[in-house]
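The structure appears below as structure tokens.
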Amino acid sequence: MKKRIITLVLVVALVFTTNYEIYATTPREAGQDVEDLMTFILNQYVGEDVASEELYYGALKGMFDVLDDYSEFYTEEEFQMFFEEMSNSFYGIGAELESDGQYIKIVNVLKNSPAEKAGLLNGDLIIEVNGASIESLSIDAVVSEVRGEKGTTVEVTISRNSEIIRKEIIRDEIKMSSIYQMDLSKIYEDDSLQSIEYINITQFSEGVAEEFDEALRQSKDNNKEYLIVDLRYNSGGYLDEVVDIANDLVPLGAIMYTVGMDNEEYGYYSMLVEKPYKKIVVLTNEYTASASEILASAIVESEAGITVGERTFGKGIVQQIFTYGNGGFKLTVEEYFSRNKNKINGEGVMPTIEVKVPNLLPQLRYRYNVGMADEYVYEINSILEYLGYTDQSPRNAYDEQTNVAIRAFQRDNNLYPSGICDFATQTKLNEILRKEVGKEDRQLIEAINYIKEISNN
Numbered sequence: 079m080k081k082r083i084i085t086l087v088l089v090v091a092l093v094f095t096t097n098y099e100i101y102a103t104t105p106r107e108a109g110q111d112v113e114d115l116m117t118f119i120l121n122q123y124v125g126e127d128v129a130s131e132e133l134y135y136g137a138l139k140g141m142f143d144v145l146d147d148y149s150e151f152y153t154e155e156e157f158q159m160f161f162e163e164m165s166n167s168f169y170g171i172g173a174e175l176e177s178d179g180q181y182i183k184i185v186n187v188l189k190n191s192p193a194e195k196a197g198l199l200n201g202d203l204i205i206e207v208n209g210a211s212i213e214s215l216s217i218d219a220v221v222s223e224v225r226g227e228k229g230t231t232v233e234v235t236i237s238r239n240s241e242i243i244r245k246e247i248i249r250d251e252i253k254m255s256s257i258y259q260m261d262l263s264k265i266y267e268d269d270s271l272q273s274i275e276y277i278n279i280t281q282f283s284e285g286v287a288e289e290f291d292e293a294l295r296q297s298k299d300n301n302k303e304y305l306i307v308d309l310r311y312n313s314g315g316y317l318d319e320v321v322d323i324a325n326d327l328v329p330l331g332a333i334m335y336t337v338g339m340d341n342e343e344y345g346y347y348s349m350l351v352e353k354p355y356k357k358i359v360v361l362t363n364e365y366t367a368s369a370s371e372i373l374a375s376a377i378v379e380s381e382a383g384i385t386v387g388e389r390t391f392g393k394g395i396v397q398q399i400f401t402y403g404n405g406g407f408k409l410t411v412e413e414y415f416s417r418n419k420n421k422i423n424g425e426g427v428m429p430t431i432e433v434k435v436p437n438l439l440p441q442l443r444y445r446y447n448v449g450m451a452d453e454y455v456y457e458i459n460s461i462l463e464y465l466g467y468t469d470q471s472p473r474n475a476y477d478e479q480t481n482v483a484i485r486a487f488q489r490d491n492n493l494y495p496s497g498i499c500d501f502a503t504q505t506k507l508n509e510i511l512r513k514e515v516g517k518e519d520r521q522l523i524e525a526i527n528y529i530k531e532i533s534n535n
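Quick note: the sequence shown uses the numbering used here, first residue 79, plus one each step.
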């Protein structure tokens with residue numbers, strides 16, 4: 079033991095003898111330090127083999143780790159995937175995927191896609207790609223395997239109703255739309271809703287403003303008087319795209335302001351003279367972020383409309399994309415403020431009419447009982463309120479009211495009514511919540527009811 083301690087002290091002393099070089103005063107000196115350290119690691123490290131390229135990219139990523147949460151360095155492959163996501167165009171098979179236990183489930187086969195032509199169906203489980211099991215792979219890794227150059231072939235093995243099926247699929251260009259429209263009068267079987275246009279913008283990707291212009295043209299051709307813009311789960315996108323869309327909806331005046339490192343203010347303005355709709359309602363939730371918050375705040379502060387739903391995420395920053403070698407990075411270069419110069423970063427946009435929808439519970443490791451308190455108890459109470467088992471406001475405390483509500487929920491769902499939110503109860507809460515949210519979109523219904531009310535006055 080004594081010998082081991084002495085060896086450790088000697089090693090620590092050896093490392094510390096090089097410390098005088100770590101505190102470089104210039105980027106050039108810092109670069110030399112990194113090179114020296116990489117050489118030292120490659121010569122001395124006895125763990126799993128590591129390439130100099132891995133250390134290099136690790137060092138670059140490390141620099142961005144000390145910045146804000148949104149600045150990030152990308153390797154060549156990551157940079158390519160980033161642009162594919164932002165362009166809504168890539169080469170692949172045309173199937174939307176999600177994790178499903180140890181495998182990956184196909185949740186949406188796109189129309190006229192290679193996946194559809196090959197006979198893949200919603201609900202199929204991908205178990206192999208090119209003959210290799212995907213059991214230990216993340217969904218990002220599987221997506222990377224399935225995508226590739228146009229015209230190349232990928233072999234996908236699926237499980238369908240216990241049958242194993244192999245498909246050879248030729249990759250092709252897949253174009254995704256960021257704009258979705260719904261005829262509310264048909265969905266709700268209510269002719270009084272024919273005057274309402276519904277447009278869902280999933281992200282402000284490249285070309286979305288042009289798509290939106292076409293949707294607006296159709297809307298006006300159909301004599302729509304009110305507009306619902308659904309920005310829930312829209313995490314943002316390109317600044318110029320959201321500014322172009324804001325110019326279609328926000329009356330004359332500022333859309334937003336940006337402030338950079340030099341504290342110089344720059345404004346973006348709308349030239350729109352006449353409001354296109356009598357009233358606009360923007361649907362938001364806690365995942366509405368960045369460019370989406372620009373549009374939501376501009377519509378509210380210009381009095382063109384209101385927001386319904388939940389407070390937005392609060393990502394009020396502008397990032398610029400730079401190429402670096404074969405990769406690249408995004409760097410926060412400005413903070414933006416709303417039309418009325420209100421701070422959005424870290425604050426979000428508060429809804430005009432609040433309608434909360436609980437989050438699904440994560441895979442919890444605790445059995446919750448009376449006396450316990452944390453943020454997950456808040457979510458448990460939120461779900462119970464949403465499902466009608468309590469009229470108490472959500473709170474962090476697992477109190478007697480929570481116990482009573484849990485027992486009632488357990489009885490209704492053939493669980494032992496212990497009043498303890500155990501793993502089986504947590505799973506059932508998520509299951510019932512999914513069904514209820516899918517059955518009834520309360521935020522959308524609130525938006526519709528608001529429009530009905532103002533149209534009758």
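No residue lacks a Cβ here, since even glycine has one placed at the ideal position from N, Cα and C.
Counting C-beta atoms within 10 angstroms of its own C-beta, Pro192 has 16 or more neighbours from the protein chains shown and is therefore classed as buried.
Less than 8 Å divides the Cβ of Thr230 from the Cβ of Arg249. If you ignore the 5 residues before and after Asn200, its C-beta comes within less than 8 Å of the C-beta of Ile184, Val185, Asn186 and Val187, all in its own chain and listed in chain order.
Between Gln398 and Val386, the C-beta spacing is not below 8 Å.
Assigned with DSSP and collapsed to three states, Arg238 falls in strand.
Residue pairing for Tyr528: DSSP places it in no beta bridge.
Taking the C-beta atoms as reference points, Lys357 is found nearer than 8 Å to Tyr304. In the structure shown, the three-state DSSP call for Lys517 is helix. Asp250 sits in a strand when the DSSP states are folded into three classes. Here the alpha carbons of Arg225 and Val328 stand approximately 39 Å from one another. About 6 Å separates the CB atoms of Tyr135 and Thr153; that is less than 8 Å, so the two are in contact.
Taking one beta carbon from each stretch, the stretch 514-529 and the stretch 479-486 have fewer than 3 pairs nearer than 8 Å; the two do not touch. Runs of alpha helix (DSSP H) with 4 or more residues, each lying fully within the stretch 422-502, are found at 453-464 and 478-490, listed in chain order. Between the stretch 239-249 and the stretch 278-285 there are fewer than three C-beta pairs closer than 8 Å, too few to call the two in contact.
Gly383 is the residue among Met339, Tyr335, Gly383 and Asn363 whose C-alpha sits nearest the C-alpha of Tyr355.
Here DSSP, grouped into helix, strand and coil, assigns Gly136 to helix.
Distance from the CA atom of Asn190 to the CA atom of Val360, rounded to whole angstroms, is 32 Å.
Residue burial annotation: Asn363 is buried, with at least 16 other C-beta atoms found within 10 angstroms of its C-beta.
By the Cβ-count criterion, Lys228 is exposed, with fewer than 16 other Cβ atoms from all chains shown falling within 10 Å of its own Cβ. Where Met159 is concerned, the enclosing alpha helix (DSSP H) starts and stops at Glu154 to Ser165.
Separation of Gly424 and Ser370 (C-alpha to C-alpha, rounded to the nearest whole angstrom) is 14 Å. DSSP places Leu145 outside any beta strand (DSSP E), giving it a letter other than H or E. Under the rule that a run must span 3 or more residues, the beta strand (DSSP E) segments found entirely inside the stretch 190-223 read 203-207. Counting along the chain, Leu120 sits inside no beta strand (DSSP E); it lies in the alpha helix (DSSP H) bounded by residues Pro105 to Gln122.
Here Gln398 is bridged, per DSSP, to Leu409.
Following the DSSP letters along the chain, one finds Asn325 inside the alpha helix (DSSP H) bounded by residues Leu317 to Leu327.
In the structure shown, Val128 falls within a coil segment according to DSSP collapsed to helix, strand and coil.
Look at Asn363 here: in three-state DSSP terms it is coil, with no helix or strand label. Asn186 has Glu174 as its beta-bridge partners, per DSSP.
As computed with DSSP, Val307 is found in a beta bridge with Ile277 and Val360.
The beta carbon of Phe400 is closer than 7 Å to those of Gly406, Phe407 and Leu409 in its chain, skipping five residues each way along the sequence. Judged by beta-carbon spacing, Tyr365 lies beyond the 8 Å limit of Tyr414, meaning their Cβ atoms are not closer than that value. Taking the Cα positions, Arg485 is about 13 Å away from Ala502. Nearest neighbour of Gly449 by Cα position, chosen from Pro429, Ile532 and Arg473, turns out to be Arg473. Straight through space, the alpha carbons of Asn437 and Met260 are spaced by roughly 25 Å. If the five residues before and after Gln470 are omitted, its C-beta is found closer than 6 Å to the C-beta atoms of Gln479, all from its own chain and listed in chain order.
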